[in-house]
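Visitor: My questions all concern the structure below.
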Amino acid sequence: MRKLSVIAGISYFIIFFAAIFANFFVLESISKDPVVAIQENDLMVRFGIMAFIITVVFDVVVAWALYELYKNHVLSSLSTLFRMMHAAVMGVAIYALVLSLKSNNEADILFQVSTFNTIWLIGLFFFGIHLILLSRILKKPKFIAWFLIIAGMMYIIDTSAHFLLANYDSYSNIFLMLVAIPSIIGEMSFAVWLLRKKSF
């Protein structure tokens with residue numbers, strides 16, 4: 054059980070750092086100057102794609118480890134399925150970034166990035182459900198459980214808002230903050246707790 058806890062905790066941190074690189078260095082660079090990023094800095098884009106693939110791989114590892122840790126809980130299987138759905142959708146989304154490497158004009162590149170983001174958003178809806186279920190499975194520490202359920206709700210609300218609000222872009226920074234704060238606090242606190250947890 055201790056080994057599973059450490060595996061889950063380390064995997065969370067791998068996901069965290071790989072996602073930061075892929076999102077804030079690679080996707081941002083593509084959005085700022087699509088043609089230059091694809092044609093002149095394509096190696097960085099390729100590393101970004103690999104970073105996203107790594108997040109999917111370790112997402113599956115986390116799903117497996119958490120299932121093994123809490124498999125006696127009635128919600129564990131359902132929680133695992135929703136996380137696996139998120140990983141599967143994310144895997145499909147990455148293909149759009151691969152296609153962007155074959156594009157040679159700004160409109161096509163941005164279209165592929167937009168496709169990636171849209172598909173990923175659908176996956177995050179499932180991930181939000183996973184976090185809510187995980188909070189019910191975890192229960193203690195209450196501090197972490199509460200942040201996980203808030204983060205889960207924010208993922209669901211943000212994805213829904215993307216598709217329901219025609220003027221979502223006007224509120225995008227607010228939604229980003231509402232998702233990022235509880236998610237970072239809840240999931241990173243959970244990762245640290247898993248690494249420090251001695252017994253279950």
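Position one of the sequence shown corresponds to residue 54 (our numbering), numbered consecutively onward. Glycine included, every Cβ here is placed at the ideal spot set by N, Cα and C. Predicted, not measured: the structure shown is a model, and the values here were computed from it.
(1) In chain order, what residues of the same chain have a beta carbon less than 6 Å from the beta carbon of residue 108, not counting five sequence neighbours either side?
(2) Just checking, does the segment 134-146 make contact with the segment 177-197 on the three C-beta pairs under 8 Å criterion?
(3) What runs of the alpha helix (DSSP H), each 4 residues or longer, lie entirely inside the segment 176-224?
(4) Among 78, 248, 211, 243, whose alpha-carbon lies nearest the alpha-carbon of residue 100?
(5) Hey, could you find the ends of the alpha helix (DSSP H) residue 54 is sitting in?
(6) Out of 157, 60, 148, state which residue places its alpha-carbon closest to the alpha-carbon of residue 93.
(7) Is DSSP giving residue 153 helix, strand or coil here?
(8) If you reduce the DSSP assignment to three classes, tell me which class residue 93 lands in.
(9) Would you report the Cα separation of residue 227 and residue 171, rounded to the nearest angstrom?
(10) Nearest to residue 146 by alpha carbon, out of 91, 167, 154?
(11) Drop a sphere of 10 angstroms on the beta-carbon of residue 243, count the other beta-carbons inside from all chains shown, and report buried for 16 or more, exposed for fewer.
(12) Can you tell me which of the three DSSP states residue 112 falls into?
Guide: Taking the geometry as given:
(1) Indexing the sequence shown from 1 puts residue 108 at position 55. 68, 71, 72.
(2) yes
(3) 195-217
(4) In the sequence shown, counting from the first residue as 1, residue 100 sits at position 47. Ranking the options by Cα distance to residue 100, first place goes to 78.
(5) Sequence index remark: in the sequence shown, residue 54 carries index 1 (1-based). Element bounds for residue 54: n/a, residue is neither H nor E.
(6) Counted from its first residue, the sequence shown places residue 93 at position 40. Comparing Cα positions, the closest option is 157.
(7) Along the sequence shown, read from residue 1 onward, the residue named residue 153 stands at position 100. The answer is helix: DSSP assigns residue 153 an H, G or I state.
(8) Counting from 1 along the sequence shown, the entry for residue 93 is found at position 40. Coil, per DSSP.
(9) Within the sequence shown, the letter at position 174 stands for residue 227. Within the sequence shown, the letter at position 118 stands for residue 171. Approximately 18 Å between the Cα atoms of the pair.
(10) For this step, residue 146 is matched to residue 93 along the sequence shown. Closest by alpha carbon: 167.
(11) Here residue 243 is taken as the residue at index 190 of the sequence shown, counted from 1. Under this definition residue 243 is a buried residue.
(12) Start at 1 with the first residue of the sequence shown, and residue 112 comes out as number 59. Residue 112 falls in the helix class under three-state DSSP.
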